[in-house]
Amino acid sequence: MQRKVPTEIIQQHGRDIDFHLKQHQTEYSPQGTPFGGQGRSLLSENEAKPNVTLNPTQATGPRDEKQERQRTAQANVGVNEEEPVTRVSVRMPDGENVEMRFNHTHRVADVRSYVVTANPRYATVEFQFAGGFPVKPIADEQATLKDAGLLNTKVILKVAKN
Numbered sequence: 001m002q003r004k005v006p007t008e009i010i011q012q013h014g015r016d017i018d019f020h021l022k023q024h025q026t027e028y029s030p031q032g033t034p035f036g037g038q039g040r041s042l043l044s045e046n047e048a049k050p051n052v053t054l055n056p057t058q059a060t061g062p063r064d065e066k067q068e069r070q071r072t073a074q075a076n077v078g079v080n081e082e083e084p085v086t087r088v089s090v091r092m093p094d095g096e097n098v099e100m101r102f103n104h105t106h107r108v109a110d111v112r113s114y115v116v117t118a119n120p121r122y123a124t125v126e127f128q129f130a131g132g133f134p135v136k137p138i139a140d141e142q143a144t145l146k147d148a149g150l151l152n153t154k155v156i157l158k159v160a161k162n
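The opening position of the sequence shown corresponds to residue 1 in the UniProt record's numbering, with each subsequent residue numbered one higher.
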């Protein structure tokens with residue numbers, strides 16, 4: 001613990017200062033109730049609230065397409081439920097986490113195939129996976145997930161810089 005007096009206090013009161021600390025034994029009691037006031041809008045009171053309505057296809061279209069691509073990608077992987085199953089979570093460059101299911105014998109290339117099927121924008125982009133601690137690139141895409149140490153783990157998709 002430092003025992004220095006802040007310069008602002010020295011400038012205002014001089015160097016010779018006595019501090020007397022007291023410990024109060026009173027129980028804390030909050031004042032009022034949290035979130036007990038009226039809510040306020042960021043709109044001014046004169047400003048009308050916008051009347052925005054979305055039809056169901058606008059509201060769910062892109063999300064449904066994305067989910068459908070992920071279902072297709074998972075079906076293309078062909079997980080055999082009779083064999084050991086693992087989950088691999090891929091952190092995409094936009095921050096999204098995509099969780100996938102594979103058998104231990106699937107290859108790192110199968111993870112790449114899943115990503116490209118579920119996210120077509122990566123079909124023409126050069127990228128690689130990185131994982132472990134410390135994070136290092138996964139170079140051998142022909143290695144099985146078990147051999148690559150990717151059972152029930154998270155990997156990062158890193159886009160190559162041009």
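Where is the CB? At the ideal position from N, CA and C, for every residue including glycine.
8 Å contact criterion, which residue i and residue j should meet: CB distance rounded
i    : j    : result
V88  : L145 : 7 Å
V159 : F127 : 5 Å
V85  : M100 : Not really, about 11 Å apart at Cβ, beyond 8 Å.
F102 : V135 : That pair is no contact at about 20 Å.
Proximal residues to residue i (C-beta, below 6 Å), its chain only, five neighbours per side dropped
i   : result
A73 : Y114, T117, A118
T7  : none
Closest by C-alpha distance to residue i, when choosing among the options
i    : options                : result
I138 : K154, P120, A123, P30  : K154
E68  : E96, I17, P120         : P120
A143 : I156, H106, H13        : H106
G131 : A123, T124, V125, E141 : E141
I17  : E65, V5, K66           : V5
Straight-line gap, residue i to residue j (C-alpha atoms, nearest Å)
i    : j    : result
I9   : H20  : 15 Å
E81  : H104 : 11 Å
E96  : Y122 : 14 Å
V125 : L151 : 26 Å
Q12  : E27  : 34 Å
E83  : P30  : 58 Å
F129 : E65  : 25 Å
Q23  : K161 : 59 Å
Contacting residues, own chain, Cβ-Cβ under 7 Å from residue i (five flanking each side not counted)
i   : result
A75 : none
T93 : Note on identity: in this sequence residue 93 is Pro, with Thr being the wrong assignment. Once the five neighbours on either side are set aside, the close Cβ partners of P93 are L157, V159.
Sub-7 Å separation of residue i and residue j beta-carbons
i    : j    : result
R63  : I156 : no
A148 : V108 : yes
Chain-order list of residues whose beta-carbon lies under 8 Å from that of residue i (same chain, five-residue window excluded)
i   : result
T57 : Confidence at T57 is low in this model, with a pLDDT of 43, below 50, so its placement is unreliable and no value can be given for it.
Q70 : V98, A118
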